Amino acid sequence: MAKALALLSGGLDSTLAIRVIQQQGIEVIALNFVTVFCRCTSHGSCKLEAVKVSEKFGIPIKVINTTERFLELVKKPKFGYGKNMNPCIDCRINIFRVAGEYMREIGADFIITGEVLGQRPMSQRKEAMKIIDKEANLTGLVLRPLCAKHMEPTIPEKSGMVDREKLLQIRGRSRKDQIQLADVFQIKDYPCSAGGCLLTDPEFAHRMRDLVNSCDAGVNDVNLLKAGRHFRLDQQTKAIVGRNEEDNARIESLSQEGDVLLTLVDMPGPLALLRGAVTEETICLGARITARYGKSHLFPFTKVSVRQAKKDAPHRLIEVTPMSQEEADKLILKKISASNRSHEPSWVTEFNAG
Ligand code: SF4
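The opening residue of the sequence shown carries number 42 in the working numbering; numbering runs sequentially from there.
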């Protein structure tokens, strides 16, 4: 029996692609990728959507965390970024390369994906798909069942393993055909298509752009981007300030040796983390920002506790003037308009993980 390896995000399209292929009596094994940039669980759930789908279909699934490899691509993508910090073509090449290795390891004959021609402007154009397949050494081995009739026949179609006549010709960004097909297959409760990848989120992308422009970012740095307010104090130093207790706890749990932690002394308020080349000057700036976001901003002076993260060293106290909102607004990393970006991407938006 022919065996297909399915790239399964857990979204509707990849789920449908599996059903289309299963209908031809082909065995399907699923492969899912996660990275630090994924928002791949539905609200209130801790289980990956892809795992839920594979359980529903009774097919085996392997989940691969490709964060380390992917992070290097995000820093310097060969094929550039989408509208935000999403290097979709490089990302797909990376995923397909890993999938190709796994396909050979498990003796699968080809790969299937839920891609639809023209659905996403960066990676789902015919030319881009060709490049991705070629760069991943998979020319002719990636079958896209939902739009196959718009594409050249693949090796499994030419060899008769797959009946091309039973494949589909969906194209474009409308979801109408997929929703009708979901009805036919009685697939319900699929996640909406706008979940996906943090790199397509303008606010997160702005923080990410600042990070890669200022240091050799690691996974911990990226995780920190997801919490609190972020301030650029100088080229090498940032302050991350909690917005609530949950943020404070998250930021402290991500602190590392070399970081400095700041908290208010006489009243509740945020916890701030300083990372980079911390100096007395940046400690003072960070303390003034910390004071800005507690009740302390009502007072002319505030005491702030300063301590080294992950060290037993005693904390010390400094007294500062809370920063004005105007001053803080100049330092905060907020979403910027496209016309103000330092490097304009060459592609238009890629909305979601594939
Ligand atoms: S949007 Fe999808 S393809 Fe693009 S970088 Fe994110 S995960 Fe990769």
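Every residue gets a Cβ at the ideal spot worked out from N, C-alpha and C, and that includes glycine.
Nothing here was measured: the structure is a model prediction, and the numbers come from that model.
Please tell me whether, using a cut-off of 7 angstroms, the distance from the CB of PRO186 to the nearest non-hydrogen atom of ligand 1 is below it.
no
Compute every distance between the C-beta of ASN133 and the non-hydrogen atoms of ligand 1, then say whether any falls below 7 angstroms.
A quick correction: the sequence has Arg, not Asn, at residue 133. Yes - ligand 1 has a heavy atom lying nearer than 7 angstroms to the Cβ of ARG133.
I need the DSSP call for SER296, collapsed to helix, strand or coil.
coil
Do you know how far the Cα of LEU72 is from the Cα of ILE59?
11 angstroms
Report the three-state DSSP secondary structure of LEU46 (helix, strand or coil).
Here LEU46 sits in strand by DSSP.
Extent of the continuous beta strand (DSSP E) run through LYS279
278-282
Quick check: does the Cβ of ASN264 come within less than 7 angstroms of any heavy atom belonging to ligand 1?
Incorrect: ASN264 has no Cβ contact closer than 7 angstroms to ligand 1.
By how many angstroms is the C-alpha of VAL183 removed from the C-alpha of ILE152?
5 angstroms
Compute the Euclidean distance between the alpha carbons of PRO186 and MET249, then round it to the nearest angstrom.
34 angstroms
Measuring alpha carbon to alpha carbon, tell me which of GLY310, LEU302 and ARG273 ends up nearest ASN285.
Checking every option, the nearest Cα to that of ASN285 belongs to GLY310.
Any heavy atom of ligand 2 closer than 7 angstroms to the CB of SER294?
No copy of ligand 2 occurs in the structure displayed; its ligands are ligand 1 alone.
If distances are taken between C-alpha atoms only, which option among SER346, ALA328 and VAL225 comes closest to THR362?
ALA328
For HIS247, the first and last residue of its enclosing alpha helix (DSSP H)
243-255
Tell me whether the beta-carbon of PRO275 lies closer than 8 angstroms to the beta-carbon of THR331.
Sequence check: residue 275 is Asp here, not Pro. No. Outside cutoff.
With MET295 and LEU265 assumed to form a contact (beta carbons below 8 angstroms), what rounded beta-carbon distance in angstroms separates them?
A small correction: the amino acid at residue 295 is Leu; Met does not occupy that position in the sequence shown. Right, their Cβ atoms sit about 5 angstroms apart.
Would GLY259 pass as a contact of ILE292 if the rule is Cβ separation under 8 angstroms?
No.
If we require 3 or more residues per run, which beta strand (DSSP E) segments fall completely within the stretch 123-188?
151-153
What separation, rounded to the nearest whole angstrom, lies between the Cα atoms of PHE342 and ARG273?
23 angstroms
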